[in-house]
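Asker: The structure is given below, and queries will be raised subsequently.
Protein chains: 2
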Amino acid sequence: MNQESELQIFRKYLQKKGLRYTPEREQIIKEIFLTHDHFDVDTLYLRMRQKGLQISKASIYRLIPLLIEAGLIEEVFFEDGHMHYEYIYGHEPHCHLRCISCKRIEEFRDPHWPDMEKMLKEKFGYEITNYKLEVQGLCPACKEKQKKE
Amino acid sequence: MNQESELQIFRKYLQKKGLRYTPEREQIIKEIFLTHDHFDVDTLYLRMRQKGLQISKASIYRLIPLLIEAGLIEEVFFEDGHMHYEYIYGHEPHCHLRCISCKRIEEFRDPHWPDMEKMLKEKFGYEITNYKLEVQGLCPACKEKQKKE
DNA sequence: TAGTGTAATGAGACACTTTAACAATAATTA
DNA sequence: TAATTATTGTTAAAGTGTCTCATTACACTA
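The structure is reproduced here in structure tokens:
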């Protein structure tokens, strides 16, 4: 791929803000970018500890708003008492379809989004920065299970 | 209007579940339905206290999942460390457009939702129960303000 | 009407996530 | 080198939401 790497993006962002690129931040970011998946602070923290990386939770919490502002990650939903995040840079924008029974999450593209964005810009005058579409329902498997009961 | 009242809906729901319709629950529900607006637990609690209605927070917290399951309210977004809810029964389904600067929230209809719902049913086999579309951006006023700076 | 079982309540304790304060440390700048 | 500023880990604190528990209210039956 010929797009800028996440680290480059982030270093530029820090530089612009007069902030520092520290070893701790690098380790956290690399860990996040390793899986390119949903994550939350606690599992990220534990995963790093298991690898022997000793980073305090506070540093993770402090890093998250920076990564969000740099456009690398995004809040996706609040569940089980804490926020879940998602790596987004270089990913196709997508929506979440979650089963209310088994909690499984599938991703899908919203083909209408470009139209919607245009409408919101024209009709409401907004400068759109991001959007989040979350659909809840029963997945096929859980639907079957409910029938049998 | 000739639709069932919220209280009727809720009483039916309780009956079906073998739960009880208590004065406390009635007071909370009436307070929620009074404004038909977004709310969170703490402000609802304080509002009731100011009116001299003494309801414990625990009762509000306990009631919320019931109201959600009865289809009367919905979680709308998590902000400032707590969840915000919205009365939905009898309301046109709508989406939220929020300004990241002034926090103002506007509502709009998503004309593409019926198509999307159909697609998700057919392509993913889901039985859809609800959807939440939240768009963030800069409102016209804040956009102007930023230009001047 | 009395008795029994279940649900609901308020109060407070509790668990948990996230933020803040602080002193120590590292990087940057003059 | 000295001064400044950002960052870190630790610890404390704030805040939300859940749980426990004793008590109360209700529904049902005898």
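Top to bottom, those sequences are chains A and B. Here the first sequence is numbered in numbering that gives the first Met the number 0, starting from 0 and rising by one per residue. Here the second sequence is numbered in numbering that gives the first Met the number 0, starting from 0 and rising by one per residue. Glycine included, every Cβ here is placed at the ideal spot set by N, Cα and C.
(1) Residues of chain A with a CB under 8 Å from the CB of Gly124/B: which are they?
(2) Between Ile127/A and chain B, is the shortest Cβ-Cβ distance under 8 Å, so that the two count as touching?
(3) Quick one: is Glu91/A near chain B, going by C-beta distance under 8 Å?
(4) Under 8 Å, Cβ to Cβ, is there at least one residue of chain A near Val134/B?
(5) Please report the straight-line C-alpha distance between Glu74/A and Lys102/B, rounded to a whole angstrom.
(6) Applying the 10 Å Cβ sphere with the 16-neighbour rule, what's the burial state of Ala69/B?
(7) So within the segment 37-90 of chain A, which uninterrupted alpha helix (DSSP H) runs reach at least 4 residues, ignoring any that extend past its ends?
(8) Evaluate contact between the segment 112-128 of chain A and the segment 11-24 of chain B, counting only Cβ atoms and requiring at least three cross-stretch pairs below 8 Å.
(9) Kindly confirm or deny that the segment 19-32 of chain B and the segment 103-115 of chain B touch, where touching means at least three C-beta pairs closer than 8 Å.
(10) Sort out for me which residues DSSP pairs Gln135/B with in a bridge.
(11) Anything in chain A within Cβ reach of Phe77/B, meaning under 9 Å, just list it in chain order.
(12) From which residue to which residue does the beta strand (DSSP E) around Phe107/A run?
(13) So, does the CB of Asp109/B fall closer than 8 Å to a CB anywhere in chain A?
(14) Using the three-state DSSP reduction, which class does Tyr13/B fall into: helix, strand or coil?
(15) Nearest CA to the CA of Gly51/B: which residue from Lys11/B, Glu30/B, Val134/B and His93/B?
(16) Can a CB atom of chain B be found closer than 8 Å to the CB of Met115/A?
(17) Contact check, Tyr86/B vs Ile72/B under 8 Å by CB: the rounded distance?
(18) Could you check the C-alpha separation between His118/A and His95/B for me, to the nearest Å?
(19) Does DSSP put Arg24/B in a helix, a strand or coil?
(20) Please confirm whether any heavy atom of the ligand FMN lies closer than 7 Å to the CB of Glu116/B.
(21) I think Phe38/A touches Tyr84/A, with their Cβ atoms under 8 Å apart; what is that distance to the nearest whole Å?
(22) Buried or exposed: which applies to Glu5/B, given that a residue is buried once 16 or more other Cβ atoms fall within 10 Å of its Cβ?
(23) Run down chain B in chain order and give the residues with a C-beta less than 9 Å from the C-beta of Glu105/A.
Answerer: On the basis of the coordinates in this document:
(1) The residue labelled residue 124/B in the question sits at position 125 within the second sequence. Simply Cys138, Pro139 and Lys142.
(2) Within the first sequence, numbered from 1, the residue matching residue 127/A stands at position 128. It does: the Cβ of Ile127/A has a partner Cβ on chain B nearer than 8 Å.
(3) Residue numbering aside, residue 91/A sits at position 92 when the first sequence is read from its first letter. So, not an interface residue.
(4) Position 135 of the second sequence, counted from the first residue, corresponds to residue 134/B. Yes, contact with chain A.
(5) Along the first sequence, one-based indexing puts residue 74/A at 75. Along the second sequence, one-based indexing puts residue 102/B at 103. Going by C-alpha positions, Glu74/A is about 17 Å away from Lys102/B.
(6) Translated into the one-based positions of the second sequence, residue 69/B becomes position 70. If you draw a 10 Å sphere on the C-beta of Ala69/B, you find 16 or more other C-beta atoms in it, and that means buried.
(7) The segment 37-90 of chain A contains these whole alpha helix (DSSP H) runs: 40-49 and 56-68.
(8) By the Cβ rule, the segment 112-128 of chain A does not count as touching the segment 11-24 of chain B, because fewer than three pairs are nearer than 8 Å.
(9) Between the segment 19-32 of chain B and the segment 103-115 of chain B, the count of C-beta pairs closer than 8 Å stays below three; the two stretches do not touch.
(10) The residue given as residue 135/B occupies position 136 in the second sequence. Beta bridge pairing from DSSP links Gln135/B with Asn129/A and Arg97/B.
(11) Here residue 77/B refers to the residue found at position 78 of the second sequence. Going along chain A in sequence order, the residues near Phe77/B (Cβ under 9 Å) are Glu74, Phe76, Phe77 and Met82.
(12) Residue numbering aside, residue 107/A sits at position 108 when the first sequence is read from its first letter. First-last of the beta strand (DSSP E) with Phe107/A: Ile104 to Phe107.
(13) To locate residue 109/B, count along the second sequence from 1; it is residue 110. Yes, because at least one Cβ of chain A sits closer than 8 Å to the Cβ of Asp109/B.
(14) Counting from one through the second sequence, the residue named residue 13/B turns up at place 14. First, the amino acid is wrong: residue 13/B is Leu here, not Tyr. Helix.
(15) Along the second sequence, one-based indexing puts residue 51/B at 52. When each option's Cα is compared against that of Gly51/B, the closest is Glu30/B.
(16) For the purposes of this step, residue 115/A is identified with residue 116 of the first sequence, where counting begins at 1. Look at Met115/A: its C-beta is under 8 Å from a C-beta on chain B.
(17) Within the second sequence, the letter at position 87 stands for residue 86/B. Within the second sequence, the letter at position 73 stands for residue 72/B. With 8 Å as the limit, Tyr86/B and Ile72/B qualify as a contact, their Cβ atoms being about 6 Å apart.
(18) In the first sequence, residue 118/A corresponds to position 119, counting from 1. In the second sequence, residue 95/B corresponds to position 96, counting from 1. The question names His, yet the displayed sequence has Met at residue 118/A. Taken atom to atom, the span from the alpha-carbon of Met118/A to that of His95/B is near 14 Å.
(19) By 1-based counting over the second sequence, the position of residue 24/B is 25. Three-state result, Arg24/B: helix.
(20) The ligand FMN is not among the ligands present in this structure, which contains no ligands whatsoever.
(21) Here residue 38/A corresponds to residue number 39 of the first sequence, with the count starting at 1. Here residue 84/A corresponds to residue number 85 of the first sequence, with the count starting at 1. The Cβ separation is near 6 Å, so the contact holds.
(22) Numbered from 1 along the second sequence, position 6 holds the residue referred to as residue 5/B. So Glu5/B counts as buried.
(23) Numbered from its first residue, the first sequence carries residue 105/A at position 106. Simply Phe123 and Tyr125.
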